[in-house]
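Just so we're aligned: 126 in full-length UniProt numbering is position 126 of the sequence shown, and the numbers increase by one with no gaps anywhere. Okay, structure first, notes after.
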Amino acid sequence: MTKVLVVDDEPQIARALRINLTARGYEVSVAHTGRSALDLAADGRPDLVLLDLGLPDMDGVEVIAGLRGWNPVPIIVLSARTDSGGKVAALDAGADDYVTKPFGMDELLARLRAAVRRSANLPAGEPVVEAGSFSVDLTAKRVWREGAEVHLTPTEWGILEILVRNPGRLVPQRQLLTEVWGPSYVHETQYLRVYLAQLRRKLEVDAGRPRHLITEPGMGYRFQA
């Protein structure tokens, strides 16, 4: 049974979606805030998220970013916002589709089925990744070492997140530079050396002999749990 997480603070809409989706054989859970949505996604592992952007505690775009830190679950945005800026922000953050309210249930169901089909072979990640003496919460974007929270700069977090989301895989220098700094920085490999050294000092037991943030000389970097 396909599990759908409905995130909407309007009770009538959430109830209507629950009734219609349950009648069609979906298992439905409902969240009315962004925080509860992230918690339910971590605990229940839905197959698809229907997300309203106008939530009482955080913008829906923040919820998308929190999910995308660790989970490729399809996200369909349901929103009364009609401006192109809101749509672009949601899609750039990682949403798969955008449906403007009011919407027809038949169209929404067709989009839902298409999104589930596209994601059928995508593995879900873990919201919290353990690596020896430190752990990384990809949803909350926080890091702990030996029980104490570690402060990372936005750039340090950007590098760490990419590596942790690709465990055991070589992440090329060019990819890291492009995703963290932008395409005009693809030759600035010294940036990576500086920031990886900083990350190792903050996270590794022995920064001079790293066990988790590994350099592949001339190629890139690798995260080993």
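For each residue, glycine too, the CB sits at the ideal point set by N, CA and C.
Three-state class that DSSP yields for Asp92 in the structure shown: Looking at Asp92 - three-state DSSP - the assignment turns out to be helix.
7 Å CB neighbourhood of Ser133 in its chain, flanking five on each side removed: Spatial neighbours of Ser133 in its own chain (CB-CB distance under 7 Å, excluding positions within 5 residues in sequence) are listed in chain order as Arg145, Glu146 and Val205.
Segment limits, alpha helix (DSSP H) that includes Pro154: Pro154 to Val164
Contact under 7 Å by Cβ, Leu55 with Thr82: no
Entirely enclosed alpha helix (DSSP H) segments - the UniProt domain "OmpR/PhoB-type" (126-225), minimum 4 residues: 154-164, 173-180 and 189-203
Exposure label - Gln190; buried when at least 16 CB within 10 Å: Gln190 is classed as exposed because its beta carbon has fewer than 16 other beta carbons within 10 Å across all chains shown.
Host beta strand (DSSP E) of Glu27 (start-end): In the DSSP assignment, Glu27 falls within the beta strand (DSSP E) that extends over Glu27 to Ala31.
Beta-carbon proximity of Thr139 to Pro154, cut-off 7 Å: No, they are not a contact pair.
Alpha-carbon to alpha-carbon, Thr100 and Arg201: 47 Å
Inter-stretch contact (C-beta, 8 Å, three-pair minimum) for the region 51-71 and the region 88-104: yes
Whole-angstrom distance between Phe223 and Ala197, CA atom to CA atom: 14 Å
His187 versus Leu48: straight-line alpha-carbon distance, rounded: 38 Å
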